[in-house]
Every structure is written in structure tokens, then in C-alpha cells.
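K.L.:
Provided herewith is a single structure, encoded as C-alpha cells, for subsequent inquiry.
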Ligand code: KG4
Ligand code: ZN
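Residue numbers (my numbering): 31 to 365.
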């Protein structure tokens, strides 16, 4: 059963065709990132206007890539929340129109749950992910822990109280004079950073399953300020010694991932679950994968990562989760 997925919650206009919640026939993405770069973050008005301009073309691309026609789909799945209101509205209106024109059901999807579903895409039968599991979404907009009994029964255990983890990467990259988005740039710099040179502390939260990253970001800011750098002067920032930037990137990345690991591991322990599913843009980071794998081995946890190409925003994860709901309602209908 072929599902058409549509995702427009942030700056990516994405359309995908996925069969039976697993096989990704096409996954077309057009990003408006380059128009936001000079502002150092996504500008909602620009994002929604560009969704409107490109969504029709992205659908055409997805159909062409898959060698399929709209008449082949059995349902349309679309991201309903959370996200930028204007951007979501473009995707939702477009999806409604397609569903109406093709006389197929419209399935509305939660973006964060879709990030967790991404781990189920293209997965071999023998590597099936059993329920229940703890789900960790680490993206630019969210850092959340969930107890997933199944995709219709998901409980939020904790979330960030301030910046999302990816957002903190983006802000720290800005402080260090790098570009946007900062995640991949920090990862690259951190690879050459030396351990023990710089250290930042984890932030405690009242609910131990909540997260907080803005204090770590501020600690980086004070550390750089303390080196006599004028942060409002780009030239002064660009004179930062490269070794210092690498060491700070390393120390920041370590402490950010240590707090993700500490809380995810605690969520598993408190809920008596040994399976952990991880998705979202930050989950494409190799050091994150390495550190989580070390912890999983020590604590006998089974880890399931979303494939790297489905970590950042895409519509395949939306179509995949859409199939899950479509299939369930079909089975219910037969009873
Ligand atoms: O999931 P995503 O595409 O969008 C949201 O739903 O927010 O995540 C984007 C975020 C950005 O903050 C970006 O800096 C971060 O993911 N990111 C990374 C890496 N690749 C993307 N963070 C750390 N390391 C990476 N390799
Ligand atoms: Zn996302």
C-alpha cells in the first residue's frame, strides 16, 4: 500500500512515496536553508512563502523519482504539529486538496512521533523493533523523551526546558564564528578537539527526565568572552585560535551528549524498558552514535537509530507513520 507523505513543519518542503511503511520509493526535499543562512536561523515568513512556491514541484519530483502516479496512492499523510504555523498550513492545505482530489483518506501526523518512526524505515525484517521502547527525539526544535507503548499510545516523559539540543549546537556555532546550521560544523571541529582541555558542566533539572541546554551555551559564551574576544565583532571572533575553537566544540559536544545519555538511560531504567529508539537531526552525529553505543553496551540496552538520511526533516517518516495508522484503521474496519 503506497502512502504519499508531506512535511512542511520548518524549512524543508518534503514529499515522499513509501510502501507498507518501509520501502521508500522516493523522498524529495527542497530546503529554503540558503535563504535563512544570513539571519543565523529560520525566518518563518520566508519559510512559508517558499513552501508555497515549491510544494507542487516537489510533489512532481517525488512522483517522477518513484515512477508512479497519484492514482497509485491509498492515503495522504501530512505533518500537523508541532512546527511553524504558516509552514504547517501550506502542507496541510496542499495535502487536503490532494486527498480530496484523489478521494483517499488524509492522515494527520505528529512530527516528533514521525522522527521516531524514521528508525522503522528500510529496516530488515530480522531487525524488527519491538514495543514498548523509550524514544528520544533530538532535533533543532525539540529534545524529548517518550514512552512508546505503540504509535497510538505515546507518553511524554521529559523535554527541554529551554533550548533544544540542535538549537544549542546552532547557537554555540554562532558564538564560535561558524555558519548555520551549526550541528555538522561543530561535529567537524570537535573531531580535532583535545579532551580535558576545556570542560563544561551538565545542568540539573527538577524533573530528572527534562533537559536544559541554554546554561551550557551561556558557559561557552562566558568562556569565549573571558578570552578577550569581542563577540559582537566578527573580525575579533575570526581571530580565535583554531585549536581553542576545536577544544571548545569538543567539550560542548561531550557535555551535551552526556546529558542526553544520562536522561535516556534513566528513562529506560525507570520504565523497565531496555530498548531505545533515537531520531532527529542531531542523531546523525557520529560522536552521538558512538557514545550511545558505548553506554548501551555497558547497560545492556538495545539501540535503534534512525538511518542517517532520515534523521533530518523528511516526508518518508511521515508517510511511514501514516501507513501505521492507515493499516490499523483498516484492520479495525474488517473486524
Ligand atoms: O530534525 P531536524 O532536521 O529539524 C527539526 O525538526 O528541528 O534537525 C535540525 C537540527 C539543527 O539544529 C542542526 O544543527 C542539527 O539538527 N544537526 C546536527 C547534526 N546535523 C544536524 N547536530 C549535531 N551534529 C550533526 N551532525
Ligand atoms: Zn524535525
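Beta carbons are placed, not taken as given, at the ideal position from N, Cα and C, and that holds for glycine.
Thinking C-alpha only, which one of 237, 220, 205 is nearest residue 264?
P.N.:
Of 237, 220, 205, the residue nearest in Cα terms is 205.
K.L.:
Which value, in whole angstroms, describes the spacing of the CA atoms of residue 149 and residue 257?
P.N.:
Taking the straight line joining both Cα atoms gives about 42 Å.
K.L.:
Our contact map puts residue 311 next to residue 170 with C-beta atoms below 8 Å; I'd like the distance itself, whole angstroms only.
P.N.:
Confirmed, Cβ separation roughly 6 Å.
K.L.:
When the distance is taken between beta carbons, is residue 347 closer than 8 Å to residue 63?
P.N.:
Not in contact: residue 63 and residue 347 (Cβ atoms no closer than 8 Å).
K.L.:
Give me the Cβ distance between residue 232 and residue 285, rounded to the nearest whole Å; I'm assuming they're in contact under 8 Å.
P.N.:
The Cβ separation is near 6 Å, so the contact holds.
K.L.:
Compute the Euclidean distance between the alpha carbons of residue 322 and residue 330, then round it to the nearest angstrom.
P.N.:
Going by the C-alpha atoms only, they are around 11 Å apart.
K.L.:
Strictly closer than 5 Å from CB to any heavy atom of the ligand ZN: give me those residues in the order they appear in the chain.
P.N.:
Result (chain order): 169, 343.
K.L.:
Does residue 224 come out as helix, strand or coil in the three-state DSSP assignment?
P.N.:
Coil, per DSSP.
K.L.:
For the stretch 146-182, which segments carrying the beta strand (DSSP E) assignment without a break, of at least 3 residues, lie completely within its bounds, in sequence order?
P.N.:
As far as the stretch 146-182 is concerned, its whole beta strand (DSSP E) runs of at least 3 residues are 163-168, 173-180.
K.L.:
Nearer than 7 Å: is that true of the beta carbon of residue 192 relative to any heavy atom of the ligand KG4?
P.N.:
False, no ligand heavy atom lies under 7 Å from that Cβ.
K.L.:
In the structure shown, what three-state DSSP assignment does residue 234 receive?
P.N.:
Looking at residue 234 - three-state DSSP - the assignment turns out to be coil, as it is neither helix nor strand.
K.L.:
With DSSP as the reference, identify every bridge partner of residue 342, one or two as the case may be.
P.N.:
DSSP output for residue 342 lists no bridge partner at all.
K.L.:
Residue 214: beta carbon under 7 Å from a heavy atom of the ligand KG4?
P.N.:
Residue 214 Cβ: within cutoff of the ligand KG4.
K.L.:
Judging by CA-CA distance, which residue of 98, 318, 320, 306 is the nearest neighbour of residue 160?
P.N.:
Here the closest residue by C-alpha is 306.
K.L.:
Going by CA-CA distance only, name the one from 341, 328, 270, 200 that's closest to residue 72.
P.N.:
Of the listed residues, the one whose Cα sits closest to residue 72 is 200.
K.L.:
Determine, using beta carbons only, whether residue 45 and residue 92 come nearer to each other than 8 Å.
P.N.:
Cβ atoms of residue 45 and residue 92: closer than 8 Å.
K.L.:
Per DSSP, residue 42 is paired with what?
P.N.:
The partner list for residue 42 (beta bridge, DSSP) reads 61.
K.L.:
Hey, would you say the C-beta of residue 57 is under 7 Å away from at least one heavy atom of the ligand KG4?
P.N.:
No, the ligand KG4 has no heavy atom inside 7 Å of this Cβ.
K.L.:
Determine, using beta carbons only, whether residue 173 and residue 241 come nearer to each other than 8 Å.
P.N.:
Against a cut-off of 8 Å, the Cβ pair of residue 241 and residue 173 comes out as a contact.
K.L.:
If we count the other Cβ atoms within 10 Å of its Cβ and call it buried at 16 or more, is residue 180 buried or exposed?
P.N.:
Classification for residue 180: exposed.
K.L.:
Whole alpha helix (DSSP H) runs in the stretch 268-334 with 4 or more residues, listed along the chain?
P.N.:
You should have 272-301, 316-329.
K.L.:
Which of the three DSSP states is assigned to residue 140 in this structure?
P.N.:
Here residue 140 sits in strand by DSSP.
K.L.:
To the nearest angstrom, report how far apart residue 158 and residue 243 are at their CA atoms.
P.N.:
When rounded, the distance between both Cα atoms is 33 Å.
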